[in-house]
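Asks:
In the working numbering, the protein residues as written are 926 to 1087.
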């Protein structure tokens, strides 16, 4: 084999190895990416079935229920517009509390509940994951807009002036 053919074979082999490594890295990254979806989007059917994603919002007051085994927990995550029931088997973070921010990672079940594999609680009083904060503020904006349009559509009674 001529030296030119050897160089071409070496370059071709190196490109093939680089291509395989890049494909493996991209596949590993893609399988570890978890999209963030709000409870409103989950309720609207925008959540991927059978795929890993994150749901975030506030833990609804009075919704935390522990099973007899002491490890399985059921709670509701809300963005103040829609609620999603979350089932989690494991130890919850110390900062997990009702009325506080939470992000859960897992999959949506056929029953419409969220089977969490990981639960993350907010860090302090001022912190909320950016995605959860946006979902809550969007829900508040939609509620205010709905209230404004509903209020504008209903006639008001004239008040008597004295």
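The beta-carbon is built from N, C-alpha and C at its ideal position, and this holds for glycine as well.
Just so we're clear, the structure is a prediction, and the values are computed from it rather than from any experiment.
Which of the three DSSP states is assigned to residue 1019 in this structure?
Replies: Coil at residue 1019, not helix or strand.
Asks: Quick check on the DSSP output: what are the complete alpha helix (DSSP H) runs of length 4 or more inside the region 941-991, in order along the chain?
Replies: The qualifying runs are 964-968.
Asks: Which residue from 974, 999 and 994 puts its Cα closest to that of residue 986?
Replies: When only C-alpha atoms are compared, the closest one is 999.
Asks: Look up residue 1045 in the DSSP assignment and give the residues it is bridged to.
Replies: BP columns for residue 1045 point to 1028.
Asks: Taking the DSSP output, what are the residues bridged to residue 1040?
Replies: In DSSP, residue 1040 forms a bridge with 1012 and 1032.
Asks: Please work out which residues of its chain come closer than 8 Å, Cβ to Cβ, to residue 1082, disregarding the five sequence neighbours upstream and downstream, and give them in chain order.
Replies: Any reading at residue 1082 must be qualified, since the residue scores a pLDDT of 47, below 50, and its modelled position is unreliable; the value itself is stated next. Within the same chain, residue 1082 has no close Cβ partners at all.
Asks: Is it buried or exposed, residue 928, if we count other Cβ atoms within 10 angstroms and call 16 or more buried?
Replies: With fewer than 16 Cβ atoms within 10 Å of its Cβ, residue 928 is classed as exposed.
Asks: Could you give the distance in angstroms between the alpha-carbon of residue 1013 and the alpha-carbon of residue 1001?
Replies: The alpha-carbon atoms of residue 1013 and residue 1001 are separated by roughly 11 Å.
Asks: Which word fits residue 1079, buried or exposed, when buried means at least 16 other C-beta atoms lie within 10 angstroms of its C-beta?
Replies: Here residue 1079 scores only 49 on pLDDT, less than 50, and its place in the model is too uncertain to base an answer on.
Asks: State the CB to CB distance for the pair residue 1009 and residue 980, rounded to an integer number of angstroms; the pair is presumed to be in contact (CB under 8 Å).
Replies: With 8 Å as the limit, residue 1009 and residue 980 qualify as a contact, their Cβ atoms being about 6 Å apart.
Asks: Under three-state DSSP, which class holds residue 1005?
Replies: In this structure, residue 1005 counts as coil in the three-state DSSP scheme.
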